[in-house]
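Just so you know, the protein sequences line up as chains P and V, in that order. Residues 1044 to 1479 (this note's numbering) make up the first sequence, in order. Residues 6 to 63 (this note's numbering) make up the second sequence, in order.
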Amino acid sequence: MKARAAISTTRRPSFGFIPRLYFHYRRVAKWLAVFAAVAGPGIIVMVADNDAGGITTYAATGARFGYGLLWFLVILGPAAYYVQEMTVRLGAVTKRGHAEAIFETFGLFWGWFSLTDLVLADWLTLVTEFIGMTAALSIFQIPPLATVIVVSIIMAMMVLQGRYWTWEKIALLFCGINLIYIPGAFIVHPSVSEVLRVGLIPHFPGGFNNQIFFFLMANIGTTIAPWMIFFQQSAVVDKGMDEKDIPFGKVDTFIGSICTVLVAAFVLIVTATVLRGVQIDSAAQASQALMGINKYLGTFLAIGLFDAGFLGAICISLASSWAFGEIFGWAHSLNNKIKEAPWFYGSYFIALITAGTVVLIPGAPLVLITLFVQVIAVTLLPAALVFLILLLNDGELMGKFKNNRAQNIISVTIVVCIVLLSTLYAVSALFPNLFK
Amino acid sequence: MREYFKRRFSKIREINRKYATPRAKMTKGVAFALLMLRLYLILLVGILIIKFITMVNK
């Protein structure tokens, strides 16, 4: 009682407004400093997700359906966040890449299956990045061979400098350039009321048919791709992130998902406003068409397309090399010099050079390859997602960081929707008259 | 050449030995469901490839 009386009469010290403000400022500044150190993998993977194939898909979607599928892109943002956030937890807790986690937890059969899937899908997607980069620079009369050679040299220099941190900061710079689409959208003066009215109400322009299924799948495939799961988890490990860094990793991924939706939406708005009804099959074609309307707009789109392809290429090639290194036991960190990790860098360059060579094949149907690769990637995605969900539900592995019920419901819903959509597309491809 | 491939395959054998025993025990039902899902997705990819080839040949 006496103690309680003593406590109740003791006055707490009160700080003035300025000291309290300074205290909060120091807390926020410290949080931002830690965030700046930890941020990177989430933003890079999400922005790189808007790769050359992605920009092509958004441009073609806008030209074909106007603002009609904008709502779908907005929904894909949170979906991508929920998937990628799981890789942050998995990488920070297990300190292992995704490929190694699958081998160790599920054994050889599923391990080799997943690794083969990843390598094939990654290589095909890498081809589309080179398609985008060569198409973008050909608008400025730069021949494809020169683009492939220069890009390969830049990519080599980025990884050979021997530090993950430096590679990450350069990649973040390119992520910043990717936001060039945003001013581009303001140049075309879209009607905001029309964008909101037509774009944000869920509906399927033109009804259910083969074409809409294809575009829905291509848009999913470019927003959530198997390589992203492997890349972000390996990047989290290579960066040395810990369990205590998970909250920062989540914010990093969230910011990245906002950027990805913004860029996707603005590309769609540009082509929907200015090129509606025009047969546009590629972002490069859209750039050229836009050059005729507004030189700056076309230039922004071309620069953005090159940047998108470059970002995608540097991430995808690393995703495969990291996965190989994890399984084959090679040194596989960007912090290793080339002499310390010859196979890691070797696999990186082999993927790069072979993918770049495809683009130089005369007469190759590059635009069709770009769109189909997105669709193939999304078809293979459920397999990668199922393993991710199973790993995140392993209490022995994840401890207190395992998935809760809401996360499981969202993830399983994403898997089911993708499988359904893939099935609908396959059925519509086999029986085109069924959905007319 | 023989020695080269022997070295490469010995690495793969080493990996197979390392991961021979999975940590998680999957029930037969789950393993079967996963396998069916994988085969189903490969079938869908096959249909896509056929569609792609048809479009290229048009």
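Note that CB positions come from ideal geometry on N, CA and C, so glycine has one too. Keep in mind the model is a prediction, meaning the values are calculated, not measured.
{"query": "Consult DSSP for P/TYR1388 and reduce its assignment to one of helix, strand or coil.", "result": "helix"}
{"query": "Using beta-carbon positions only, say whether P/LEU1113 and P/ILE1230 come within less than 8 Å of one another.", "result": "no"}
{"query": "Verify the CB distance criterion: does V/ARG18 have a CB-CB separation below 8 Å to chain B?", "result": "In the displayed structure, chain B is absent; the protein chains listed are P and V."}
{"query": "Straight-line CA distance for P/VAL1280 to P/GLY1219?", "result": "24 Å"}
{"query": "Excluding five sequence neighbours on each side, which residues of the same chain lie with their C-beta closer than 6 Å to the C-beta of P/GLN1254?", "result": "none"}
{"query": "Give the interface partners of P/VAL1136 over in chain V, defined as CB-CB distance under 9 Å, in chain order.", "result": "Correct list: empty, because the minimum Cβ distance to chain V is about 14 Å."}
{"query": "Quick one: is P/GLN1322 buried, meaning 16 or more other Cβ sit within 10 Å of its Cβ, or exposed?", "result": "exposed"}
{"query": "Flag P/LEU1431 as yes if its beta-carbon sits less than 8 Å from any beta-carbon of chain V, otherwise no.", "result": "no"}
{"query": "Just checking: is the beta-carbon of P/SER1051 within a distance shorter than 8 Å of some beta-carbon in chain V?", "result": "Confidence in P/SER1051 is poor, its pLDDT being 47 and thus under 50, which makes the residue's placement too unreliable to answer from."}
{"query": "Within 10 angstroms of the Cβ of P/MET1044, are there 16 or more other Cβ atoms? Answer buried if so, exposed if not.", "result": "Because the pLDDT of P/MET1044 is 44, which lies under 50, any placement of that residue in the model is unreliable, and the question is left without a value."}
{"query": "Buried or exposed: which applies to P/HIS1232, given that a residue is buried once 16 or more other Cβ atoms fall within 10 Å of its Cβ?", "result": "exposed"}
{"query": "Between the stretch 1119-1136 of chain P and chain V, which residues of the former have CB atoms less than 7 Å from a CB of the latter, in chain order?", "result": "none"}
{"query": "Shorter than 8 Å from the beta carbon of P/PRO1405 to some beta carbon of chain V?", "result": "no"}
{"query": "Determine the chain V residues that contact P/ILE1419 at a beta-carbon separation under 7 Å, and present them in chain order.", "result": "VAL50, LEU53"}
{"query": "Does any residue of chain P have a CB that is nearer than 8 Å to the CB of V/PHE14?", "result": "no"}
{"query": "State yes or no: is the beta carbon of V/PHE37 nearer than 8 Å to at least one beta carbon in chain P?", "result": "no"}
{"query": "Following the continuous alpha helix (DSSP H) through P/LEU1333, name the residue where it begins and the one where it ends.", "result": "1326-1336"}
{"query": "Measure the CB-CB distance between P/ALA1351 and P/ASN1252 and report whether it falls below 8 Å.", "result": "no"}
{"query": "Spell out a yes or no on whether the stretch 1199-1209 of chain P and the stretch 1372-1391 of chain P are touching, meaning 3 or more CB-CB pairs, one atom from each, closer than 8 Å.", "result": "yes"}
{"query": "Is it buried or exposed, V/THR32, if we count other Cβ atoms within 10 angstroms and call 16 or more buried?", "result": "exposed"}
{"query": "How about P/THR1296: is its C-beta nearer than 8 Å to some C-beta of chain V?", "result": "no"}
{"query": "If the cut is a Cβ gap below 9 Å, which residues of chain V does P/GLU1383 touch?", "result": "Per Cβ cutoff of 9 Å: no residues; P/GLU1383 is ~18 Å from chain V at best."}
{"query": "How long is the line joining the alpha carbons of P/LEU1434 and P/SER1277, rounded to whole angstroms?", "result": "15 Å"}
{"query": "Go through the stretch 1280-1355 of chain P residue by residue and report every complete run of the beta strand (DSSP E) that reaches 3 residues or more, in order.", "result": "none"}
{"query": "If you measure from the beta carbon of P/THR1413 to each beta carbon in chain V, is any gap under 8 Å?", "result": "no"}
{"query": "Flag P/SER1236 as yes if its beta-carbon sits less than 8 Å from any beta-carbon of chain V, otherwise no.", "result": "no"}
{"query": "Compare the C-alpha of P/GLY1227 against each of P/GLY1347, P/ASP1295, P/THR1400, P/PHE1387 and name the closest.", "result": "P/GLY1347"}
{"query": "When the Cβ atoms of the stretch 1082-1099 of chain P are set against those of the stretch 1302-1316 of chain P, are three or more pairs found closer than 8 Å?", "result": "yes"}
{"query": "Would DSSP call P/ARG1069 helix, strand or coil?", "result": "helix"}
{"query": "In chain order, what residues of the same chain lie with their CB nearer than 8 Å to the CB of P/LYS1138, ignoring the 5 residues before and after it?", "result": "VAL1280"}
{"query": "Alpha carbon to alpha carbon, how far is P/LEU1354 from V/MET60? Give it in angstroms, no decimals.", "result": "29 Å"}
{"query": "Keeping to the same chain, check which residues put their C-beta closer than 7 Å to that of P/ALA1420; ignore five residues upstream and five downstream.", "result": "ALA1164, THR1168, GLY1264, ALA1268, PRO1269"}
{"query": "Which residues in the same chain as V/ARG28 place their Cβ atom closer than 8 Å to its Cβ, once the five residues preceding and following it in sequence are excluded?", "result": "none"}
{"query": "At a Cβ threshold of 8 Å, is V/MET41 touching chain P?", "result": "no"}
{"query": "From P/GLU1439 to P/GLU1369, what distance separates their C-alpha atoms?", "result": "21 Å"}
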